[in-house]
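J.:
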Amino acid sequence: MIDGLLQGYLDEQFMQLEDLQDDVNPNFVEEIVTSFYSDSARLINNIEQALVNRPVDFSKVDDYMHQFKGSCSSIGAKKVKMECSQFREYCCAGNIEVGKTSRGCMKWEPTG
9 MIDGLLQGYL DEQFMQLEDL QDDVNPNFVE EIVTSFYSDS ARLINNIEQA
59 LVNRPVDFSK VDDYMHQFKG SCSSIGAKKV KMECSQFREY CCAGNIEVGK
109 TSRGCMKWEP TG
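So the sequence shown is numbered by our numbering: it starts at 9 and just counts up by one.
1) So Ile83 and Ile52 are supposed to be a Cβ contact under 8 Å. How far apart are they, rounded?
2) Which residue's Cα is closest to the Cα of Met73: Asp19, Lys89 and Pro63?
3) With 16 other CB atoms within 10 Å as the buried threshold, where does Leu28 fall?
4) Please state whether DSSP places Gly78 in a helix, a strand or coil.
5) Comparing alpha-carbon positions, which option in Ser43, Asn61 and Val60 lies nearest Phe76?
In structure tokens:
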């Protein structure tokens, strides 16, 4: 976990989640992360579907991105949260081409 923190993927929020894990709930972090992945997959799918529709409803895309950013923030996914912020800026500007390029950054690349 510390390696991820050092690489800038996670922030102190994740460490706080780890502090909440104890003998009573030894799988707390695993359950939170599993829930986050499920929610993220759903939100990313919603975002992709909204971007396919014409005309693009940037307000709807921004709402989905806001939810996704909140999920990232609550688990400490710092790098993804920053990508969400950038993508939301593209939505506010109505810039679908740059936004489409950026969303590839949301596809997670598992590391070691």
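For each residue, glycine too, the CB sits at the ideal point set by N, CA and C. This one's a predicted model, so the numbers in the text were calculated from it and none came from an experiment.
T.: If we stick to the structure as given:
1) Not confirmed; about 15 Å, so no contact.
2) Lys89
3) exposed
4) helix
5) Ser43
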